[in-house]
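According to the numbering used here, numbering within the sequence shown proceeds without interruption in unit steps and concludes at 542. Yeah, the Cβ is synthetic: ideal placement off N, Cα and C, and Gly gets one too. Since we're looking at a predicted model, the values are computed, not measured. Reviewing the structure listed below.
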Amino acid sequence: MKKKDHFLWTRLLMLTAVLVLEANSFSQEMFALTADSNKGRQAISSRESLSQYLTQLEQRFNVVFSYESGLLDNVSVPEALRNFQADEIDPYVKEIQRASKYQVDKVGLGYYVITPRQDKPLMPLLQRIAGLSNSSRNEEKIQLEMLSLREISALQQTFQVKGRVVAAETNEPLPGVTVLEKGTTNGTITNANGEYSITLTGPDAILSFSYVGYKTEEVAVSGKTVINLSLVEDIKKLEEIVVIGYGTQRKTDLTGAVATVSEQALKNTISTSIDQALQGKAAGVQVFQNSGQPGGGVSIRIRGAGSINSGSEPLYVIDGVQVSAQAQGTAVGFDWAGGGNGQTAVSALSTLNPADIVSVEILKDASASAIYGSRGANGVVIITTKRGKAGESKVNYDAYYGWQTLPKRMDVMNLREYASYQNELADLGLITHRQEFQDLSILGNGTDWQDAVFRTAPVQSHQISVSGGNERTTYALTGGYFAQDGIVIGSNFDRYSARLNLENQAKDWIKVGSNFMVSRTNERITLNDSDDGVITATLL
């Protein structure tokens, strides 16, 4: 009996020893909280990766760490954190930032975002997710973890700048100044006090400040958060000369309503005549195309329809010479009987080569009547042609070639469908029966006259010029050829033009000049009205 009891006690002691050893082994392997009897604090085990270390902090302090998946899996815990102990989460956060290469930003109560350390602040990210505090903790954690490292890094690179823009001469605020981040469409404008605020893509951006009548300024941000600027008036633009009646005037002294169309704006438009080229180029000026045929007439309204009996066309002045803008041409049309004559408008300005023009000024207010009397009641269009410039002789040649075509054709009835339609109208008593439409079986599909009338039409222009001179005498000689075929067969426009300008400064107080222009145009026109027009006859 004693041997059995001794054996039992031996087995019990061995089992107890095994349990103690296993308990010690388990406590060494698990990452759990252990008691520190000396300091009354709890230490975090740090034998594995930093991500596991953060998981223990989340469990202990009831917080959330968000970072890109896999970012910290292979990162070991820094040596400084291995024996670090604290009763609050903030000391751990500070120690992680100090001892590692990662940035820890607090974005809410108990919520942190970890990213690779950068020199740029994370304020845009904080502002973006500050509103998540009203959600539940799990929802916040999911939303935070959805932020990828790439998105967070992009948000980190945003940079906010504010400031004030004033006039350099008066120090008065400038409202409405355009503030644009160069190379982007990101911009804003100043308020009534000249103040602005803009969020940039980074601290190295360049800001462009522009305002009407002032020089455009570009400023490198270079990390500055406040940029105040003084804009200087653009004296050059204010000193530009504008042709007013028989003289010129500076823009600073100009009080009348004048629209100016530059040579470059005219070059960007392919047109037969100068009146067509003005369409869409001047504010407050309406241009109506009366006809689509080459060289067709154009109506210009500067003050609207100001007359009942007389016309509303403005007065045209070319190098000081007043000209009429409208002319009439006779063309053969088609009516129900098979033929007829009619009138169609053509443009007298089509004799002038648009390539010879250097500027167009449009007088829109009472200043036109003050100079030109009643003829300027509808406004005045002043056209200035090119002059020679002192210097070496220059030879220029400009040319272009293109095609015009009908973009879409009308879907019309064939002969049988048209005959059936005519018979239905006759049965209703609206028209008389036509004998040729009585038997539909003998009728074919007929002819689609759109194929016979419309075509792909070429257009070409050639311009050569020679100019030069010295301090006393300048000259300019130009010659041009323009040809345009209409998309309607039988319509076309040809123009041959030549112009010579000579100017001589005989004395300091006298200048003598001459301007010769010769032009020959050839137009083949067709009627295009709603009754006898060729297009109406084509479709009906």
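| Query | Result |
| --- | --- |
| Contact between the region 496-513 and the region 429-444 (3+ Cβ pairs under 8 Å) | no |
| The region 85-102 touching the region 57-69, judged by at least three CB pairs closer than 8 Å | yes |
| Segment limits, alpha helix (DSSP H) that includes D413 | Unbroken run through D413: none, as it is neither H nor E. |
| Three-state secondary structure assigned by DSSP to G471 | strand |
| contact_flag[the region 220-234, the region 199-210] where n(CB pairs < 8 Å) is 3 or more | yes |
| Member of A539, T180, F211 and V263 whose CA lies at the smallest distance from the CA of D559 | No answer is possible for residue 559: the residues shown for the chain start at 3 and end at 542. |
| Classification of F518 by the beta-carbon crowding that lies within 10 angstroms, buried from 16 upward | exposed |
| Any 3 or more C-beta pairs closer than 8 Å across the region 271-289 and the region 475-483 | no |
| First and last residue of the uninterrupted alpha helix (DSSP H) at W405 | Premise fails: W405 lies in the beta strand (DSSP E), G393 to Q406, not in any alpha helix (DSSP H). |
| Nearest to V79 (by Cα), restricted to the options V325, Y104 and Q278 | Y104 |
| Three-way DSSP call (helix, strand, coil) for E50 in this model | coil |
| Q440, DSSP secondary structure in three states | coil |
| Minimum C-alpha distance to A261 - residue among G165, T187 and D367 | D367 |
| Simplified DSSP state of D487, which is helix, strand or coil | strand |
| DSSP state of V360 mapped onto helix, strand, coil | strand |
| Cβ contact (3+ pairs, closer than 8 Å) linking the region 379-386 and the region 457-473 | no |
| Where the beta strand (DSSP E) through R501 begins and ends | N494 to K509 |
| Residues sharing a beta bridge with I116, DSSP | V106 |
| Where F63 falls: helix, strand or coil (DSSP) | helix |
| Collapsed DSSP secondary structure at R377 in the structure displayed | helix |
| Spatially closest choice to G322 from I385, G196, A170 and Y114, by CA coordinates | I385 |
| Test: N398 CB closer than 8 Å to a CB of chain D | Protein chain content of the structure displayed is limited to a single chain, and chain D is not contained in it. |
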